[in-house]
Structures are given as C-alpha cells and as structure tokens.
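Here is the structure we will look at, set down as structure tokens.
There are 2 protein chains.
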Amino acid sequence: MTNPPVRPAPLDPEMFDPVCPSALVPFRVGDKWATLILRCLEDGPRRFSELKVPLRGITAKSLTQSLRALERDGFVARTEQEGAVRRVDYALTTLGRGLLGPLDTACAWTREHWDELIDAQEAGLARAAGRH
Amino acid sequence: MTNPPVRPAPLDPEMFDPVCPSALVPFRVGDKWATLILRCLEDGPRRFSELKVPLRGITAKSLTQSLRALERDGFVARTEQEGAVRRVDYALTTLGRGLLGPLDTACAWTREHWDELIDAQEAGLARAAGRH
DNA sequence: CGGTATCCCGGGTGATACTG
DNA sequence: CAGTATCACCCGGGATACCG
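In structure tokens, the structure reads:
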C-alpha cells in the first residue's frame with residue numbers, strides 16, 4: 001500500500017465569494033487574512049500559490065506577512081519540500097487547529113443571526129443618515 | 001415596591017489589567033476596543049464616563065467612535081436620560097448580548113491554551129531571531 | 001458630563017517590479 | 001514557484017484643545 005502525503009481536494013475559488021466583508025463577520029483573528037488562511041488549511045496542507053486562489057486579490061506580500069505571523073505565533077507550520085520544482089507547504093499546527101473550534105462557534109453564530117445582523121445594520125445606517 | 005432602573009455594581013478599574021495585549025487574545029470584534037466595551041456592558045447599562053475607567057487610556061474620541069460603530073451595527077443602544085445632570089447610557093441590545101456567547105467561547109479557549117500560546121510564541125520569536 | 005474638532009503619526013495594505 | 005524590495009497611500013488611533 002503506497003502512502004502518498006495527504007493531498008486534500010483543491011480549494012473552491014469561490015469559497016469566500018458571496019460575502020465576507022469582515023465588517024459583518026464580527027470575529028477577526030490576527031490580521032485581515034488570518035482567519036481565512038486558517039480556514040483554507042482546514043482540510044490539510046496547502047501550497048503558497050494554492051492559498052492565493054480563494055484569497056481573491058491578496059498580494060504575495062500580504063500572504064507572506066500573514067503566514068509568517070501565523071508561523072511565529074505557532075498556528076501554522078511551514079515546510080519546504082525538496083525536489084526539482086520548488087514547493088512549500090503550510091499546515092495547521094495542533095494549536096492552530098484548536099483555533100478552528102472557537103472560530104467555528106463564531107461563524108455559526110454569525111450565520112444563525114445573519115438576517116438580524118443585516119437588518120440591524122441597515123436600520124443603523126438609516127438612523128445615521130437621518131441624523132445628519 | 002419601588003423599581004429603580006437597574007444599576008449594576010461599578011466596574012472594576014483593573015478588570016483588564018493583568019493582560020489583554022490582544023496580540024495574544026486572538027479574537028477581535030469590530031475595532032480595537034469593541035470586545036472590551038461589550039464586556040463592560042455585560043452586567044447592565046453603563047455611562048460614558050463609567051466606561052472610560054476600565055478602558056485604561058482610551059480617549060473620548062476613540063470611545064465615541066467605537067460606541068457609534070457598535071450602535072450603527074445594532075449591538076449597543078444609546079439612551080439619553082433627561083434630568084438636571086447630563087446622563088447617557090449605553091446598553092447591550094439583544095443582538096449585542098448574543099455576541100457575548102461566541103466571545104466567551106473564544107475567551108475560554110484562549111484561557112485554556114494560554115500556556116501553549118505563550119510557549120508557541122516564544123518559540124516562534126526564538127526561531128525568527130535565529131534566522132536573522 | 002458627554003462629547004467635537006484638529007492635528008498628526010505609525011503601520012497595515014496594496015501596487016508594482018524584481019529574484020533565486 | 002515562492003517569495004523580496006520599494007514606494008505610496010490611507011486611516012485607525014492617540015494627543016490636545018474646545019464646546020453645550
């Protein structure tokens with residue numbers, strides 16, 4: 001039985017598409033991209049360029065920065081594969097995987113109260129507009 | 001039976017003191033101060049100046065900004081009391097109170113893994129220092 | 001007391017170009 | 001492919017002063 005390194009299915013390029021302005025998703029971890037990166041690593045290690053796909057519009061610089069920060073904080077492990085073609089993998093550490101728990105809780109809450117969040121925000125904007 | 005408006009105990013000026021560098025508390029809601037404000041409102045309505053106490057060093061401007069944002073998003077309700085002395089109260093809305101659930105989850109996780117978080121961070125810093 | 005009005009600074013973020 | 005280097009901009013946030 002061969003035992004090739006676990007390779008999860010490719011990421012859905014639209015996994016963050018419908019929304020995520022993070023204005024409405026009220027929980028943030030680390031910097032702007034950190035939670036999204038964590039989510040991307042949920043199903044297994046990912047390559048640098050692989051991560052760029054669902055992270056619409058992220059620059060190499062920002063991605064590097066976020067990854068380095070996550071690495072420094074012990075949430076993500078970076079491993080450089082040797083071989084002809086360059087290949088660097090990023091994976092969740094145990095600690096990083098643990099973060100997904102509370103993160104899921106937060107996301108679940110947001111999804112459950114999505115309509116209320118939208119309504120409240122619209123009402124708030126209307127009030128703000130009326131005041132001026 | 002008189003029914004005076006509920007007034008919770010005064011806030012502990014040191015309720016955020018030992019730590020909270022928010023670098024290690026990996027969950028953020030809204031801006032820099034939002035989660036702390038939410039926590040401050042947990043036990044009931046608070047006045048503007050009352051909030052400034054545990055929020056060591058926050059400026060009136062920042063507090064106003066954060067509160068206005070929380071109000072716009074429907075997490076906090078502002079009520080201006082009439083009377084001789086000026087008095088403005090901020091209280092959690094139902095939606096805002098709901099946020100405390102996931103927030104508690106996040107805080108609990110952080111507390112549970114505090115030592116690991118510290119260790120991982122120190123290790124990360126050491127590695128970073130070694131690389132340069 | 002409960003804010004506004006200004007000024008200002010640092011850095012987080014993006015755009016672009018370049019590299020091993 | 002997996003980054004680095006550089007510039008440049010915006011704005012969150014603090015400091016200070018003032019107001020109804």
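Those sequence lines, one after another, are chains G and W. If you use the UniProt record's numbering, the first sequence corresponds to residues 1 to 132, in order. If you use the UniProt record's numbering, the second sequence corresponds to residues 1 to 132, in order. Ideal placement from N, C-alpha and C gives every residue a C-beta, glycine not left out.
Mind listing, in chain order, the continuous alpha helix (DSSP H) runs of no fewer than 4 residues lying wholly within the UniProt domain "HTH hxlR-type" (20-118) of chain G? As far as the UniProt domain "HTH hxlR-type" (20-118) of chain G is concerned, its whole alpha helix (DSSP H) runs of at least 4 residues are 34-40, 48-52, 60-72, 94-112.
Starting from G:Leu125, find everything on chain W with Cβ-Cβ shorter than 8 Å and list it in chain order. In chain order: Arg72.
Counting pairs of Cβ atoms below 8 Å between the segment 63-75 of chain G and the segment 30-42 of chain G, do you hit three or more? Contact between the segment 63-75 of chain G and the segment 30-42 of chain G is present: three or more C-beta pairs spanning the two stretches fall below 8 Å.
Chain G partners of residue 134 of chain W, CB-CB under 9 Å? Only positions 1 to 132 of chain W appear in the structure, and residue 134 of chain W is not among them; the question remains open.
How many whole angstroms separate the CB atoms of G:Phe48 and G:Val88, which I take to be in contact at a CB cut-off of 8 Å? Correct: roughly 5 Å between the Cβ atoms.
Given a cut-off of 7 Å on the beta-carbon distance, is the pair W:Pro45 and G:Trp109 in contact? No, they are not a contact pair.
Using the beta-carbon count (16 or more within 10 Å), is W:Ala120 buried or exposed? That one is buried.
Can G:Gly130 and W:Gly74 be called in contact, C-beta distance under 7 Å? Using a Cβ distance threshold of 7 Å, G:Gly130 and W:Gly74 do not count as a contacting pair.
Do we get a CB-CB distance below 7 Å when we pair W:Thr79 with the residues of chain G? Not an interface residue.
Run the CB neighbour count on W:Ile58, radius 10 Å, all protein chains shown included, and call it buried at 16 or more, exposed below. That one is buried.
Could you round the C-beta distance between W:Leu38 and W:Leu95 to whole angstroms and report it? I think they count as a contact, below 8 Å. Wrong, their Cβ atoms sit about 11 Å apart, outside the cutoff.
Suppose the cutoff is 6 Å on Cβ atoms and the five residues either side in sequence are ignored; what does the same chain contact list for G:Glu71 look like? The answer, listed in chain order, is Arg78.
Please report the straight-line C-alpha distance between G:Glu42 and G:Thr105, rounded to a whole angstrom. So the alpha carbons of these two residues sit roughly 15 Å apart.
By how many angstroms is the C-alpha of W:Glu122 removed from the C-alpha of W:Glu50? Computed Cα separation, rounded: 36 Å.
Please go through the same chain and pick out, in chain order, the residues whose beta-carbon is closer than 8 Å to the beta-carbon of G:Gln81, but skip the five residues on each side of it. A distance below 8 Å between beta-carbons, with the five flanking residues on each side excluded, links G:Gln81 to the following residues of its chain, in chain order: Arg87, Val88, Asp89.
With a cut-off of 8 Å on the beta carbons, I'd call W:Val76 and W:Ala91 a contact; round off their distance for me. The pair is a contact, with the Cβ atoms about 7 Å apart (cut-off 8 Å).
Alpha carbons only, please: which of G:Arg97, G:Leu36, G:Arg56, G:Lys52 is nearest the one belonging to W:His113? The residue from G:Arg97, G:Leu36, G:Arg56, G:Lys52 with its alpha-carbon nearest to that of W:His113 is G:Arg97.
Could you work out which residue in W:Thr35, W:Arg56, W:Arg111, W:Thr93 is closest to G:Glu116 when comparing CA atoms only? Comparing Cα positions, the closest option is W:Thr93.
Using the Cα positions of G:Pro54 and W:Cys40, report the straight-line distance between them to the nearest angstrom. The alpha-carbon of G:Pro54 is positioned some 37 Å away from that of W:Cys40.
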